[in-house]
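Asker:
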């Protein structure tokens, strides 16, 4: 029968252990040095690039969000004020006004009384005096209600004079003046191009 092999830990070769430890330390140092000099700058550059791209994406997202909000607000503003804009931009307002008045009253004469331009507001106002006739005075009040439906900024200036044309006939002379406002502001070409995109 074989005798069991006895291991003695008292007889450890200390030189071998020390050599192995030194080899391990040197091996790890070489690996860490390689990692430090070759891979670490690459990792730093990648991380810097990632951070820069994240910042650019955040900035772009915020700018796009602001642009989209501004575009939506401008679209809402244009939509909500389209009637007002069209009233101020109507350059043929007098023709439209005369055709509306002719539906309710017989126009005898139209005179241009005054024309003023307000440079600060970019608006101009023109006042016209109308002399009309009708057989029914109620037509005048119906006309006054319909003036607000015009695509023009129109205000009736007082007084409205109503006189009977003759004692025998039921015909009335009605004289009144209308102030028509229009826009003088010229939109720059680049702004027109932007508005077409909305």
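Numbering (the working numbering), first residue to last: 907 to 1104.
Think of the CB as a built atom: it goes at the ideal place given N, C-alpha and C, for glycine as much as any other residue.
Determine the direct distance from the alpha carbon of residue 941 to that of residue 947, and round the result to whole angstroms.
Answerer: Cα-Cα distance, rounded: 9 angstroms.
Asker: Is residue 1027 helix, strand or coil by DSSP?
Answerer: DSSP places residue 1027 in coil when its eight states are reduced to three.
Asker: Hey, residue 1032 and residue 1011: beta-carbon distance below 7 angstroms or not?
Answerer: Going by C-beta atoms, residue 1032 is not nearer than 7 angstroms to residue 1011.
Asker: Check whether the segment 1015–1031 and the segment 1069–1076 are in contact - that is, three or more C-beta pairs closer than 8 angstroms.
Answerer: Touching, no, given that fewer than three Cβ pairs across the two stretches are closer than 8 angstroms.
Asker: With DSSP collapsed to three states, give me the class of residue 1065.
Answerer: Strand.
Asker: Helix, strand or coil: how does DSSP classify residue 1075 here?
Answerer: Looking at residue 1075 - three-state DSSP - the assignment turns out to be coil, as it is neither helix nor strand.
Asker: Going by Cα to Cα distance, which pick from 959, 929 and 981 is closest to residue 1100?
Answerer: It is 981.
Asker: So the alpha helix (DSSP H) residue 919 belongs to, where does it begin and stop?
Answerer: Residue 919 -> no alpha helix (DSSP H), and no H or E assigned at all.
Asker: Would residue 1050 be called buried (16 or more neighbouring beta carbons within 10 Å of its own) or exposed?
Answerer: Looking at its Cβ environment, which holds fewer than 16 other Cβ atoms inside 10 Å, residue 1050 is exposed.
Asker: Compute the Euclidean distance between the alpha carbons of residue 1055 and residue 962, then round it to the nearest angstrom.
Answerer: Roughly 51 angstroms between the two C-alpha positions.
Asker: Note down, in chain order, each residue of its chain lying with its Cβ closer than 6 angstroms to the Cβ of residue 1053, except the 5 sequence neighbours on either side.
Answerer: 1060, listed in sequence order.
Asker: At 4 residues or longer, and completely inside the segment 943–1028: list those alpha helix (DSSP H) runs for me, N to C.
Answerer: Correct list: 946–986, 988–995 and 999–1010.
Asker: What residue from 1089, 1009, 972 and 1043 has the CA that sits closest to residue 1025's CA?
Answerer: Residue 1089 is the option with its Cα nearest to residue 1025.
Asker: Considering residue 1058, what are the terminal residues of the alpha helix (DSSP H) in which it resides?
Answerer: First-last for residue 1058: undefined, no H or E at that position.
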